[in-house]
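In this note's numbering, the protein residues as written are 20 to 279. Working notes for the structure below.
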Amino acid sequence: MRTPLVMGNWKMHGTLAEARTLATAIRDGLKRPRGVEVVVCPPFTALAAVGEILAGSPIRLGAQNCHWEASGAYTGEVSPAMLAELGCRYVLVGHSERRRELGETDQRISLKVQAALAHGLTPVLCVGETADERRQGLTFTTVEGQLRAGRAGMMPDAVGKIVLAYEPVWAIGTGVNATPAQAAEVHGYLRGLLSELTSKETAQTIRILYGGSVKADNADALAAEPEIDGALVGGASLNAPGFIAIVRKTARAGAAVRGE
Ligand code: 13P
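Here you go:
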């Protein structure tokens, strides 16, 4: 069975002092999270400091982006090797904010997925449709295209090592989350596609997270869906008690799904 995963994406928020305070509060509030894996993704500038605070704790470190080369003349970029050195285990790839506002292409996203894997990082490939695409009935087409492009060039067995995050663009930062049924429908579709791209068995092991206005008061209903394996949390991950509540509710709902 899949262990639920809750990730906090801090985006471009927080001074170093604020990052330290938030990481310390999350670490101290989640000393022994059971039945759930917890990851925080601070801005690059805070990764080292947060890594030190989390060292020896069960909370893991992730990054919000990486380049696809291990090193080189790429001004302003950060390589997967550098992230691995800081103790990162995960890296978000293809977040819609990067696709839409920073011109990240499918081709670059697939290079990043492969580079992350090559450096021992788990890529969290983000997919999701816009409101317009949903209105036009293009939700499945959009996420399928993003998944197929993201795994281009990968061996089928490597696909089993990624995490997928379904983040409908219209739900990000809007306060309007996808309903559990809407999210579960897309997750089910993505899992079917993963079966085709890998194998039925491997697809059953891949975690598919939901992201988009996840809060303490909707986390349990979302995680109660058997196809939803956790949450990628933006705004609500900047508040330690709120984030901890999301983690606890996700763990409890996940245990119920497994019949525990
Ligand atoms: P919000 O939780 O703020 O909607 O952001 C979701 C997100 O983009 C996480 O990556």
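The beta-carbon is built from N, C-alpha and C at its ideal position, and this holds for glycine as well.
- Beyond the five residues adjoining it in sequence on each side, SER76 comes within less than 6 Å, by CB distance, of ARG46 in the same chain, given in chain order.
- Your pair LEU121 and CYS145 does not check out as a contact, with CB atoms roughly 13 Å apart and the cut at 8 Å.
- Excluding sequence positions up to five before and after GLY106, its CB lies within less than 6 Å of the CB of GLY70 and LEU80, all in the same chain and listed in chain order.
- ALA82: member of the beta strand (DSSP E) spanning 79–82, first to last residue.
- When secondary structure is reduced to three states using DSSP, LEU144 falls in the strand class.
- For VAL205, the uninterrupted alpha helix (DSSP H) run begins and ends at 199–216, by DSSP.
- Not a single heavy atom of ligand 1 lies less than 7 Å from the C-beta of ASN258.
- Secondary structure at MET101: helix, using DSSP grouped into helix, strand and coil.
- Judged by pairs of C-beta atoms under 8 Å, the segment 241–252 touches the segment 199–210, as three or more such pairs exist.
- Relative to ligand 1, ASN84 has its C-beta separated by 7 Å or more from all heavy atoms.
- Apart from the 5 residues on each side of it in sequence, THR149 sits with its Cβ closer than 6 Å to the Cβ of VAL188 in its chain, given in chain order.
- Every residue whose Cβ sits closer than 6 Å to any heavy atom of ligand 1 is listed here in chain order: ASN28, HIS114, GLU186, ILE191, GLY192, GLY230, GLY231, SER232, VAL233, LEU251, VAL252, GLY253, GLY254 and ALA255.
- If you draw a 10 Å sphere on the C-beta of LYS234, you find 16 or more other C-beta atoms in it, and that means buried.
- In the DSSP annotation of this structure, the continuous segment of the alpha helix (DSSP H) that includes LEU130 starts and ends at 125–137.
- Linking GLY139 to ALA68 through their CA atoms gives a straight-line distance of about 21 Å.
- Contact between the segment 211–220 and the segment 268–277 is not established, with fewer than three Cβ pairs separated by less than 8 Å.
- When Cβ pairs closer than 8 Å are counted between the two stretches, the segment 38–56 is seen to touch the segment 263–274, the count reaching three or more.
- In this structure, VAL58 sits near TYR109, with a CB-CB distance shorter than 8 Å.
- Distances from the alpha-carbon of GLN223 to those of ILE128, ILE181, THR198 and THR141 put ILE181 closest.
- The C-beta distance from GLY147 to VAL162 rounds to 7 Å, short enough to meet the 8 Å contact threshold.
- In terms of CA proximity to GLY113, ASP125 leads the group ASP125, LEU102 and ALA103.
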